[in-house]
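These notes are about the structure you will find just below.
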Amino acid sequence: MEAVCVSAWRGKDKSQELERLATLAGEASAEAASSSAQLATSVPPAPPDLTAGAFFDVDNTMMMGASIFYFARGLAARKFFTSADLAGFVWDQVKFRIGGRENKADIKTHRERALSFVAGRTVEELTTMSEEIYDELMADKIWSGTRALAQMHLDAGQRVWLVTATPIELAAIISRRLGLTGALGTVAETKDGVYTGRLVGDMLHGRAKAHAVRALASREGLNLKRCTAYSDSQNDVPMLSVVGTAVAVNPDSGLRDVARARGWEIRDFRTGRKAARIGVPSVIGAGAVAGAVAAGMAYRRR
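Count along the sequence shown from 1, then add 681; that gives the number in the numbering used here.
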């Protein structure tokens with residue numbers, strides 16, 4: 682009986698620690714978003730609606746595939762890491778798209794890999810490379826339908842933010858290129874402009890996104906009941922649940938079920954639904970798959 686009680690207590694402690702990290706990640710992301718909002722590009726053509734806004738997930742919602750994968754491809758081309766590292770990352774992405782759910786162990790592995798690659802690098806260096814990688818690999822991957830939804834909010838005088846587990850520096854660039862207000866993303870710790878290899882809290886994922894949206898709403902004076910959130914993933918149900926209007930965009934099967942049960946609107950901009958469910962082409966494209974196979978072969982030879 683004593684062992685059962687100790688186990689339950691440890692489980693409670695772990696849950697509380699995860700919640701603390703999620704809250705810290707959300708607050709750090711909101712602070713970064715507030716300080717870097719693109720005021721010049723976010724001035725709306727209509728009279729400003731200061732208490733309403735919109736929040737868009739990035740991967741498979743605003744952009745075809747995973748932004749962090751394109752980012753990894755760009756870093757690999759710049760010799761940040763090996764083709765074998767990229768092959769492992771691709772395999773994790775394929776497992777995610779086929780299975781439809783993210784694995785916590787994989788997420789932790791992605792985080793540790795990413796941090797090891799950027800530790801010791803400067804923010805300026807990574808920001809410059811992020812600009813280049815967006816132009817090379819991401820600019821033509823934006824869903825026109827989702828982009829139109831974001832523009833609809835801007836035209837109504839509302840502010841629009843991206844909300845993503847992608848590093849805040851890359852998320853801010855995507856937001857700026859799309860003419861949005863700003864972005865909430867994962868915040869990596871820096872010291873004197875250099876990455877330490879640690880995160881502030883945790884990745885902006887799952888519950889952390891909901892915390893970030895709440896924190897930003899508090900800072901910006903938004904009424905969440907008048908706000909709208911868009912996502913493709915069941916993992917973002919916490920974020921979708923904190924706003925007045927939730928929209929499932931290109932939803933996975935889990936989110937589609939939740940959306941139907943709760944009466945949320947569903948928008949699907951994909952073609953070839955069967956291929957989308959299988960997942961590989963929708964995430965990395967045929968060329969990238971070929972590259973992944975080649976990288977995998979190189980890994981096997983090594």
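Glycine included, C-beta positions come from ideal geometry on N, C-alpha and C.
All values derive from a computational prediction rather than experimental measurement.
Terminal residues of the continuous alpha helix (DSSP H) containing residue i?
{"i": "Pro919", "result": "Val918 to Ser922"}
{"i": "Tyr751", "result": "Ser748 to Ala758"}
{"i": "Arg948", "result": "That residue, Arg948, is in no alpha helix (DSSP H); its beta strand (DSSP E) goes Glu946 to Arg948."}
{"i": "Ala804", "result": "With the sequence shown as reference, residue 804 is identified as Val, and Ala is not the correct amino acid for it. Per DSSP, Val804 belongs to the alpha helix (DSSP H) from Val804 to Ile814."}
{"i": "Arg951", "result": "No alpha helix (DSSP H) holds Arg951; DSSP gives it neither H nor E."}
{"i": "Thr827", "result": "Ser825 to Asp836"}
{"i": "Glu901", "result": "Arg888 to Glu901"}
{"i": "Gly935", "result": "Ser934 to Arg943"}
Tell me whether residue i is buried or exposed, calling it buried when 16 or more other Cβ atoms sit within 10 Å of its Cβ.
{"i": "Gln697", "result": "exposed"}
{"i": "Lys760", "result": "exposed"}
{"i": "Gly826", "result": "exposed"}
{"i": "Ala820", "result": "exposed"}
{"i": "Ala940", "result": "buried"}
{"i": "Ala831", "result": "buried"}
{"i": "Ala713", "result": "buried"}
{"i": "Asp917", "result": "buried"}
{"i": "Ser912", "result": "buried"}
{"i": "Leu859", "result": "buried"}
{"i": "Lys986", "result": "The requested residue 986 does not occur in the structure, where the chain is confined to residues 682 to 983."}
{"i": "Ala829", "result": "exposed"}
{"i": "Ile814", "result": "buried"}
{"i": "Leu905", "result": "buried"}
At the level of alpha carbons, what is the spacing between residue i and residue j?
{"i": "Asp740", "j": "Ile849", "result": "14 angstroms"}
{"i": "Thr926", "j": "Arg888", "result": "18 angstroms"}
{"i": "Val930", "j": "Lys822", "result": "15 angstroms"}
{"i": "Ala733", "j": "Asp938", "result": "27 angstroms"}
{"i": "Ser899", "j": "His892", "result": "11 angstroms"}
{"i": "Thr704", "j": "Glu901", "result": "18 angstroms"}
{"i": "Val928", "j": "Arg857", "result": "23 angstroms"}
{"i": "Val868", "j": "Leu807", "result": "13 angstroms"}
{"i": "Ala969", "j": "Thr809", "result": "Only weak support exists for where Ala969 lies, its pLDDT of 38 falling under 50; the value from the coordinates is given anyway. Cα to Cα, the separation comes out at about 23 angstroms."}
{"i": "Glu805", "j": "Leu702", "result": "26 angstroms"}
{"i": "Asp816", "j": "Leu851", "result": "12 angstroms"}
{"i": "Val758", "j": "Ala747", "result": "Here the sequence assigns Ala to residue 758, which means Val is not the residue at that position. Using only the alpha carbons, I get a separation of about 17 angstroms."}
{"i": "Asp873", "j": "Gly801", "result": "11 angstroms"}
{"i": "Arg948", "j": "Ile749", "result": "23 angstroms"}
{"i": "Leu818", "j": "Trp824", "result": "14 angstroms"}
{"i": "Arg982", "j": "Thr871", "result": "With a pLDDT of only 36 at Arg982, under the threshold of 50, the placement of this residue in the model should not be trusted; the figure read from the coordinates follows. Between Arg982 and Thr871, the C-alpha separation is close to 37 angstroms."}
{"i": "Ser723", "j": "Val894", "result": "Summary for Ser723: the model assigns pLDDT 47, below 50, so the residue's position carries little reliability, and this model does not support an answer."}
{"i": "Pro932", "j": "Ala942", "result": "14 angstroms"}
{"i": "Thr803", "j": "Arg907", "result": "39 angstroms"}
{"i": "Val923", "j": "Phe950", "result": "24 angstroms"}
{"i": "Leu731", "j": "Met833", "result": "15 angstroms"}
{"i": "Glu946", "j": "Asp883", "result": "30 angstroms"}
If you follow the beta strand (DSSP E) that residue i is part of, which residue opens it and which one closes it?
{"i": "Phe737", "result": "Gly734 to Phe737"}
{"i": "Glu870", "result": "Ala869 to Lys872"}
{"i": "Val881", "result": "No beta strand (DSSP E) holds Val881; DSSP gives it neither H nor E."}
{"i": "Ser912", "result": "Thr909 to Ser912"}
{"i": "Ala846", "result": "Arg840 to Pro848"}
{"i": "Ala929", "result": "Thr926 to Val930"}
Shorter than 8 angstroms from the beta carbon of residue i to some beta carbon of chain B?
{"i": "Gln915", "result": "Judged by its chain identifiers, the structure shown contains no chain B, having just a single protein chain."}
Would you kindly check if the distance between the Cβ of residue j and the Cβ of residue i is under 8 angstroms?
{"i": "Leu903", "j": "Ala846", "result": "no"}
{"i": "Glu700", "j": "Ala896", "result": "no"}
{"i": "Ser710", "j": "Leu865", "result": "yes"}
{"i": "Met743", "j": "Phe737", "result": "yes"}
{"i": "Gly935", "j": "Gln915", "result": "yes"}
{"i": "Val636", "j": "Met920", "result": "Shown here, the chain extends from 682 to 983; a query on residue 636 therefore has no answer."}
{"i": "Ala735", "j": "Thr909", "result": "yes"}
{"i": "Leu861", "j": "Val881", "result": "no"}
{"i": "Pro729", "j": "Gly838", "result": "yes"}
{"i": "Glu812", "j": "Ile855", "result": "no"}
Query raised in the report: Does the stretch 747–755 come close enough to the stretch 872–883 to have 3 or more Cβ pairs within less than 8 angstroms?
Result: no
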